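Visitor:
There are 2 protein chains.
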Amino acid sequence: MIAFTEQAITGADKTFFQLRSDIVEGEIKAGSKLSEMELSTKYGVSRAVVREAINRLESCHLVERKPNIGARVVALTLEGLIQLYQVRESLEGMAARLAAKNMTDTEIEDLKVLLNSHFQEVKGSQTYYQEAGDVDFHYRIIVGSKNDHLISMLVNGLYHLIRMYRVQLGMAGPRVSTAFEEHKNIVQAISNRDEELAEMLMRRHILYSKQNIEARLR
Amino acid sequence: MIAFTEQAITGADKTFFQLRSDIVEGEIKAGSKLSEMELSTKYGVSRAVVREAINRLESCHLVERKPNIGARVVALTLEGLIQLYQVRESLEGMAARLAAKNMTDTEIEDLKVLLNSHFQEVKGSQTYYQEAGDVDFHYRIIVGSKNDHLISMLVNGLYHLIRMYRVQLGMAGPRVSTAFEEHKNIVQAISNRDEELAEMLMRRHILYSKQNIEARLR
DNA sequence: GGTGGATAGATTGTCGACAATATAGTTATT
DNA sequence: AATAACTATATTGTCGACAATCTATCCACC
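So the sequences go chain by chain: A and B.
At position 12 of the first sequence the residue is numbered 9 (the working numbering), and the sequence of numbers has no breaks.
At position 110 of the second sequence the residue is numbered 107 (the working numbering), and the sequence of numbers has no breaks.
1) Are there 16 or more other CB atoms within 10 angstroms of the CB of E49 of chain B, so buried, or fewer, so exposed?
2) Assuming E61 of chain B is part of the beta strand (DSSP E), what are its boundary residues?
3) Count the C-beta pairs between the stretch 11 to 30 of chain A and the stretch 159 to 169 of chain A that are closer than 8 Å, then say yes if the count reaches three, no if not.
4) Kindly provide the ranges of any beta strand (DSSP E) runs that are 3 or more residues long and lie completely inside the stretch 36 to 105 of chain B, ordered along the chain.
5) Mind checking whether L155 of chain A and R85 of chain A have CB atoms under 9 Å apart?
6) Give me the DSSP bridge partner(s) of K30 of chain A.
7) Below 8 Å, how does it come out for the stretch 189 to 200 of chain B and the stretch 88 to 106 of chain B: are there three or more Cβ pairs, yes or no?
8) Find the residues of chain A that neighbour D145 of chain B, judging by a C-beta separation of less than 7 Å, and give them in chain order.
9) When you compare each of A:S56, A:L214, A:E178 to N153 of chain B by their alpha carbons, which one comes out closest?
10) For L31 of chain B and chain A, any beta-carbon pair shorter than 9 Å?
11) Within the continuous alpha helix (DSSP H) that includes Q15 of chain A, where are the two ends?
12) By how many angstroms is the C-alpha of L36 of chain B removed from the C-alpha of R17 of chain A?
13) Taking a Cβ distance cut-off of 8 Å, strictly less, list which residues of the stretch 84 to 100 of chain B are near chain A, in chain order.
14) Can a CB atom of chain B be found closer than 9 Å to the CB of A45 of chain A?
15) What would DSSP say about F1 of chain A, mapped onto helix, strand or coil?
16) Does DSSP classify K207 of chain A as helix, strand or coil?
17) Whole angstroms are fine: how far does the CA of Y82 of chain B sit from the CA of N144 of chain B?
18) Report the neighbours of M150 of chain A on chain B: residues whose CB is nearer than 8 Å to its CB, in chain order.
19) Excluding sequence positions up to five away, which residues of its chain have a Cβ less than 8 Å from the Cβ of M150 of chain B?
20) Thinking C-alpha only, which one of A:A68, A:G8, A:K63, A:H58 is nearest M34 of chain A?
21) Assign I148 of chain A to one of three DSSP states: helix, strand, or coil.
22) Could you compute how far the alpha carbon of M(-2) of chain B sits from the alpha carbon of D10 of chain B?
23) Tell me which residues share the same chain as K181 of chain B and place their Cβ nearer than 7 Å to its Cβ, disregarding the 5 neighbours each side in the sequence.
24) How should R200 of chain A be labelled, buried or exposed, when 16 other C-beta atoms within 10 angstroms of its C-beta is the threshold for buried?
25) Tell me which residues share the same chain as G28 of chain B and place their Cβ nearer than 7 Å to its Cβ, disregarding the 5 neighbours each side in the sequence.
26) Identify which residue in B:F177, B:T101, B:I139, B:T12 has its Cα closest to the Cα of G130 of chain B.
27) Can you tell me the Cβ-Cβ gap for I203 of chain B and A97 of chain B, rounded? I've got them flagged as a contact below 8 Å.
28) Beta-carbon of H58 of chain B versus every beta-carbon of chain A: anything under 9 Å?
29) Taking the alpha-carbon positions, what's the T175 of chain B to S206 of chain A distance?
30) Please compile the residues from chain B whose C-beta is within a distance smaller than 9 Å of the C-beta of E49 of chain A.
31) Give the interface partners of T103 of chain B over in chain A, defined as CB-CB distance under 8 Å, in chain order.
32) State the start and end residues of the unbroken alpha helix (DSSP H) segment that holds G141 of chain A.
33) Who are the neighbours of N65 of chain B on chain A, taking C-beta pairs under 7 Å?
34) Apply the 10 Å Cβ neighbour rule to N52 of chain A and answer buried if 16 or more other Cβ atoms are within range, or exposed otherwise.
35) Use the C-beta contact count for S32 of chain B: other C-beta atoms within 10 angstroms, 16 or more gives buried, fewer gives exposed.
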């Protein structure tokens, strides 16, 4: 026996991951059409696996499919981004609430360690924090909720969409120092097992991000 | 030109709808295995369309699929139901908030009419209200949010799962008269354009339902 | 010249067959 | 008798071809 959960990787999986990456990173342009035959030859697999990959992309809301017509990569609009952040505020707020209830003491301790390591990096390069660090922070809280539906919706669904916006609309931006303070307060609330406050702070944190983006993009 | 949005119905669509219905209504038992070949002969279509239908069921979280092994209908557990209601509380709370902001005056007026017609029916048979009426009420508010992601997640995703629990665990139960009062207050908050209160009342309404179910099932 | 319909090309939907993998049953070995 | 390896069977993953549908072009007609 080698690994504990030995999940087989199928060809459709690989094609799905590749396509998702290409779309999120903008290799395949937003709003463009996805031709099954074209992608089939491009990735060297049959149309069937491309179709399955596209179906999964549709589940992630990364493409829209119409019968007998085909699939298009979603268009990026300010309105769409705002709606995305509304859903995110709602779900991650609940995630923070549940994390305050369900995370183990050691998980919370690890979260504090992560936060400290971020603090060290904020002083140096700000980019790293914004890119990977922020995602990692939110990810841990989402997983800490221990709610499978929540985790699936956010990790498999919304996050790739949000990253797509972030990459293609070039939403790097500062907001680093203030965001760090907000993260610190959220962790404190979780550590105190204050569900109400953890949810409220997380919602505000995401709301601020949304308002920051809105102001920047119009 | 006949209709405005003339969506073509493909064979995979029909198979998907049929399968979803069979699963939600318990025709196909929870936790049972879905054999592609078996379903293929049963519904008289090729394995390819069955596979596509199963993939979509997986997107709805109605089945779980493992590579090279197959798909099983999800198991119904109290823990799973609770997690579902936590997500629902979060999302429908946001839906009520957005509905208070985005519903038109006429839509709100229609909602009041619906509520009144429910009131008439509560006095007679209680079953109708609980079954269709309650769903209709929540549906209108969800759509009233005007947030496509929210609508899709709730209507295409969570609601069928919740209905599956409701049908198969036999969660009919009263709670009719009190629920009606809660509905009335939610509509009033929406009518007053009080986003904060609308969200809070909707969350409480769903939280009460959850607690009611928990108490009943253990 | 503009509009409507027919035709040709291309794209998606569906199918049956083959390949790869998992499962169950059997045999051989310790 | 228990375990391990092997074989046979069944199920899923993948493929190429055919059918149904959409799109664009061209022609007839007003």
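We treat Cβ as the ideally placed atom computed from N, Cα and C, and that holds for glycine.
No experiment lies behind these values; they were computed from the predicted model shown.
Guide: The structure says:
1) Here residue 49 of chain B refers to the residue found at position 52 of the second sequence. The residue in question, E49 of chain B, is buried, as its Cβ has 16 or more Cβ neighbours within 10 Å.
2) Walking along the second sequence from the start, residue 61 of chain B turns up at place 64. Start and end: 60 to 63.
3) yes
4) 60 to 63, 67 to 70
5) Residue 155 of chain A sits at position 158 when you count from the first residue of the first sequence. Residue 85 of chain A sits at position 88 when you count from the first residue of the first sequence. The answer is yes: Cβ separation under 9 Å.
6) For the purposes of this step, residue 30 of chain A is taken as residue 33 along the first sequence, with counting starting at 1. Answer by DSSP bridge pairing, in chain order: A:R69.
7) yes
8) In the second sequence, residue 145 of chain B corresponds to position 148, counting from 1. The answer, in chain order, is Q80.
9) Taking the second sequence and counting its residues from 1, one reaches residue 153 of chain B at position 156. When each option's Cα is compared against that of N153 of chain B, the closest is A:S56.
10) Taking the second sequence and counting its residues from 1, one reaches residue 31 of chain B at position 34. No, no contact with chain A.
11) Within the first sequence, residue 15 of chain A is the residue found at index 18, counting from 1. Here the alpha helix (DSSP H) through Q15 of chain A covers 8 to 21.
12) Here residue 17 of chain A corresponds to residue number 20 of the first sequence, with the count starting at 1. Here residue 36 of chain B corresponds to residue number 39 of the second sequence, with the count starting at 1. So the alpha carbons of these two residues sit roughly 30 Å apart.
13) V84, E86, S87, L88, G90, M91, L95
14) Locating residue 45 of chain A in the first sequence gives position 48, where the first residue counts as 1. Closer than 9 Å: yes.
15) Within the first sequence, the letter at position 4 stands for residue 1 of chain A. Caution applies to F1 of chain A, whose pLDDT of 44 falls short of 50 and renders its modelled position unreliable; the model cannot decide the point.
16) Looking up residue 207 of chain A in the first sequence gives position 210. Three-state DSSP puts K207 of chain A in a helix.
17) Along the second sequence, read from residue 1 onward, the residue named residue 144 of chain B stands at position 147. Along the second sequence, read from residue 1 onward, the residue named residue 82 of chain B stands at position 85. Each residue's alpha carbon lies about 20 Å from the other.
18) The residue labelled residue 150 of chain A in the question sits at position 153 within the first sequence. Here the neighbours are V84, M150.
19) As a position in the second sequence, residue 150 of chain B is number 153, starting the count at 1. Answer for M150 of chain B: L88, listed in chain order.
20) Along the first sequence, read from residue 1 onward, the residue named residue 34 of chain A stands at position 37. For the residues A:A68, A:G8, A:K63, A:H58, the minimum Cα distance to M34 of chain A belongs to A:A68.
21) The residue you call residue 148 of chain A lines up with position 151 of the first sequence. Here I148 of chain A sits in helix by DSSP.
22) To locate residue -2 of chain B, count along the second sequence from 1; it is residue 1. To locate residue 10 of chain B, count along the second sequence from 1; it is residue 13. With a pLDDT of only 31 at M(-2) of chain B, under 50, the local geometry of the prediction cannot be trusted, and no value is derived from it.
23) As a position in the second sequence, residue 181 of chain B is number 184, starting the count at 1. Counting only Cβ-Cβ distances below 7 Å, and skipping sequence neighbours, we find L112.
24) Translated into positions along the first sequence, residue 200 of chain A becomes position 203. Buried is the call here.
25) For the purposes of this step, residue 28 of chain B is taken as the residue at position 31 of the second sequence. So the qualifying residues of the chain are R69, V70, A72.
26) Within the second sequence, residue 130 of chain B is the residue found at index 133, counting from 1. Out of B:F177, B:T101, B:I139, B:T12, B:F177 has the C-alpha closest to the C-alpha of G130 of chain B.
27) Looking up residue 203 of chain B in the second sequence gives position 206. Looking up residue 97 of chain B in the second sequence gives position 100. So it is not a contact: roughly 16 Å between Cβ atoms.
28) Along the second sequence, read from residue 1 onward, the residue named residue 58 of chain B stands at position 61. Taking Cβ atoms only, chain A reaches closer than 9 Å to H58 of chain B, which makes this a yes.
29) Counted from its first residue, the second sequence places residue 175 of chain B at position 178. Counted from its first residue, the first sequence places residue 206 of chain A at position 209. If you take the alpha carbons of T175 of chain B and S206 of chain A, they lie about 39 Å apart.
30) Residue numbering aside, residue 49 of chain A sits at position 52 when the first sequence is read from its first letter. The contacting residues are R48, E49, N52.
31) For the purposes of this step, residue 103 of chain B is taken as residue 106 along the second sequence, with counting starting at 1. In chain order: nothing, as chain A lies at least about 22 Å away.
32) Working through the first sequence from its first residue, we reach residue 141 of chain A at position 144. Unbroken alpha helix (DSSP H) run through G141 of chain A: 131 to 141.
33) What you label residue 65 of chain B is simply residue 68 of the second sequence in a count that begins at 1. Chain A residues near N65 of chain B: A5.
34) Walking along the first sequence from the start, residue 52 of chain A turns up at place 55. It is buried - the Cβ of N52 of chain A has at least 16 other Cβ atoms within 10 Å.
35) Numbered from 1 along the second sequence, position 35 holds the residue referred to as residue 32 of chain B. So S32 of chain B counts as exposed.
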